[in-house]
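Q: This note's numbering puts the sequence shown at residues -8 to 508. Structure below; questions to follow.
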Amino acid sequence: MTLRLYIPIDAAAVACGAEEVATAIRGAAQRRNIAVDIVRNGSRGLHWLEPMVEVQTPAGRVAYGPVAAEDAESLMTALTGNGAHALRVGPTEDIPWLKRQTRLTFARCGIVDPRSLDDYRAHAGGRGLQRALSLGADAIVEEVVQSGLRGRGGAGFPTGIKWRTVAQTKAPQKYIVCNADEGDSGTFADRMIMEGDPFVLIEGMAIAAIATGATKGFVYIRSEYPHAVAAIEAAIAAARRSGLLGKRIADSSFAFDIEVRVGAGAYVCGEETSLLDSLEGKRGEVRAKPPLPAHKGLFGCPTVINNVLSFASVPIILDKGAAFYRDFGMGRSRGTMPIQLAGNLKYGGLFETAFGVTLGELVDDIGGGTFTGRPVRAVQVGGPLGAYFPRALFDTPFDYEAFAARDGLIGHGGVVVFDDTVDMAKQARFALEFCAIESCGKCTPCRIGSARGVETVDRIIRDENRGKNIEVLEDLCNTMKFGSLCALGGFTPYPVMSALNHFPEDFGARPRLQAAE
Ligand SMILES: Cc1cc2nc3c(=O)[nH]c(=O)nc-3n(C[C@H](O)[C@H](O)[C@H](O)COP(=O)(O)O)c2cc1C
Ligand code: SF4
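In structure tokens form, the structure reads like this:
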């Protein structure tokens, strides 16, 4: 009998020792003459259990975690006996944290072997592309428009409308570009999908190509993601070998191929026009719009540029239909969002659910409160440009408009939790310092404003003319918000002003209004 085990190859699991665990388990099995088939799957996204080892049983997979190399011997004893072990979590599909999710984009992540196209197909992979081929370009675009899918990279622009613009722009060459720069703090969903289910991204990009008439695609990944680069390159090679990419994709008349490009890891190179400059071999600098990338993008050609999650959500939309996807969510936020729970949390990881879940449910209930056990004080949602939310706003539902109404953003779905030891004046300073370091330098409000902002917060912290300097900071944020060319300078005021407005006590000994008098 061969024992089938699953040990993630995902970078987060590897960082927690998954390689050592796999080696130790192999050794323990050899010493006992037990045949093991170890599948290196993606992560299920329950990060506090990583490395999470699963064993295939007749009743389904059973999870153990977090497993260390030292546990290999006792685990092997358990797996060849009645299964009892101190690290046994139980049947994976019954773990409440996983069970209460709605996994559409992440349906296969952690389940399949990311290197096997056969396994992908055995788990409904490729069906979206097949239906797309039967529909034709216009109907694909219509399906994506009707699904209500909005860009998951941050801006939330309707994906179908973007595709329609490219489809309607006449040009001899068009491109599909996947934004896998994933620079937001506390985010890892793009990386997880690329490492755990890379074929879904390839399929989504191929559908975009058929819809718009593009023949060439690029995946732009930051260099800090070597595991994702390797996974996607292996998947592209496998897709080419099987005819999923190439001159006649899936035996159709459409040609499409993809190449990977590795960026050096500048935050601003995640901004779409800066990314295109970087792809063209230039220094990443934001371009003025118009022209939109959909009209004049990569090398001046019409270009679809979408986030990894946007492309990865398309196959299931095509497979199950726009109405199926649109049925999930609230308001104008349709479908599901792979939310990334990070920071000081007991249960951090990937939680995909329909839009509408409240921030409080995410932090207190799903995340289990802080890891340190101290009270939650602030939550930053949407990366380094997102606002800090105090507990008083925990009733905010995860929805683009609801967050915007409270001067926040959901961005790429990153949720970073802080306990009551956080100093919000330091966080405001950090936001401005981050902007100063990462600014592309093209426009003055961002380039100069961020540096002056750091100095101003320092003066406030030192209690130099506090009231006056708070006014200067507000004025500066206003100038950055309305005068910056892109969202790096334009949105940095969100974390700064939310820290100042919701946590005024951290900016002075007395509450802000009294201090300013
Ligand atoms: C400073 C800055 C950084 C950004 N970083 C990313 C990123 O890492 N990944 C991403 O998908 N979008 C990022 N964006 C958003 C992109 O500009 C763009 O909106 C996105 O790639 C469009 O794809 P989508 O419609 O699928 O979201 C960033 C924007 C700004 C202003
Ligand atoms: S806001 Fe900052 S990053 Fe954006 S274009 Fe201006 S200088 Fe560059």
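Glycine residues also receive a C-beta, built at the ideal position from the N, C-alpha and C atoms.
1. If the criterion is Cβ atoms closer than 8 Å, does the pair L95 and S233 meet it?
2. To the nearest whole angstrom, what separates the beta carbons of F97 and P329, a pair I think is in contact under 8 Å?
3. So, V210 versus C169, is the Cβ gap smaller than 8 Å?
4. Go through the region 220 to 270 residue by residue and report every complete run of the alpha helix (DSSP H) that reaches 4 residues or more, in order.
5. Under 7 Å: does the beta carbon of Y258 sit that close to some heavy atom of ligand 1?
6. For a test of the three-state rule: what should DSSP assign to A378, helix, strand or coil?
7. Let me confirm a value: Q418 is counted as buried when at least 16 other C-beta atoms fall within 10 Å, else exposed. Which label applies?
8. Please confirm if the region 382 to 395 is in contact with the region 436 to 445, defined as three or more CB-CB distances below 8 Å between the two stretches.
9. Identify every run of the alpha helix (DSSP H) within the region 167 to 198, keeping only runs that are complete inside it and at least 4 residues long; order them along the chain.
10. Using the Cβ count rule (16 or more neighbours within 10 Å means buried), how would you classify N298?
11. Is S430 near ligand 2, judged by its Cβ being under 7 Å from some heavy atom?
12. Compute the Euclidean distance between the alpha carbons of R323 and V259, then round it to the nearest angstrom.
13. If distances are taken between C-alpha atoms only, which option among H218, I198 and V277 comes closest to A241?
14. For ligand 1, I want to know if A303 counts as a neighbour, meaning its beta carbon is within less than 7 Å of at least one of the ligand's heavy atoms.
15. If we ignore side chains and look at the alpha-carbon of each, how far apart do L504 and D398 end up?
16. Within the continuous alpha helix (DSSP H) that includes N469, where are the two ends?
17. From the DSSP output, which residues share a beta bridge with K161?
18. Mapping the DSSP letters down to three states, classify N492 as helix, strand or coil.
19. May I ask whether a heavy atom of ligand 2 can be found less than 7 Å away from the beta carbon of K280?
20. Measuring straight from C-alpha to C-alpha, what distance separates A478 and R(-5)?
21. Can you grab the Cα-Cα spacing for the pair G275 / R382, in whole Å?
22. Between A257 and the rest of its own chain, which residues show a CB-CB distance below 6 Å, the 5 nearest in sequence each way excluded?
23. Does the Cβ-Cβ distance between M185 and I227 come in under 8 Å?
24. Please classify E508: does DSSP put it in a helix, a strand, or coil?
25. Could you check if M(-8) is buried or exposed, using at least 16 other CB atoms within 10 Å of its CB as the buried criterion?
26. Would you report the Cα separation of T83 and V406, rounded to the nearest angstrom?
27. Quick one: give me the first and last residue of the alpha helix (DSSP H) that K417 is part of.
28. Once DSSP output is grouped into helix, strand and coil, what is the label at G142?
A: To lay it out plainly:
1. no
2. 6 Å
3. yes
4. 263 to 270
5. Y258 Cβ: within cutoff of ligand 1.
6. Coil at A378, not helix or strand.
7. buried
8. Taking one beta carbon from each stretch, the region 382 to 395 and the region 436 to 445 have fewer than 3 pairs nearer than 8 Å; the two do not touch.
9. 180 to 187
10. N298 comes out buried.
11. yes
12. 28 Å
13. I198
14. Ligand 1 never approaches A303 closely enough for any of its heavy atoms to be under 7 Å from the residue's Cβ.
15. Residue confidence is low: L504 scores 44 on pLDDT, short of 50, so the model does not pin down where it sits. No coordinate-derived value is stated.
16. R457 to G474
17. In DSSP, K161 forms no bridge with anything.
18. If DSSP states are grouped into helix, strand and coil, N492 belongs with the helices.
19. no
20. 48 Å
21. 38 Å
22. G275
23. No; because the gap between Cβ atoms is not below 8 Å, this pair is not in contact.
24. Low confidence applies to E508: its pLDDT is 38, below 50, so where it sits in the model is not reliable, and the reading given next is rough at best. Assigned with DSSP and collapsed to three states, E508 falls in coil, not helix or strand.
25. exposed
26. Near 24 Å, if we compare the C-alpha coordinates of V406 and T83.
27. DSSP places K417 in the uninterrupted alpha helix (DSSP H) bounded by M415 to E429.
28. coil
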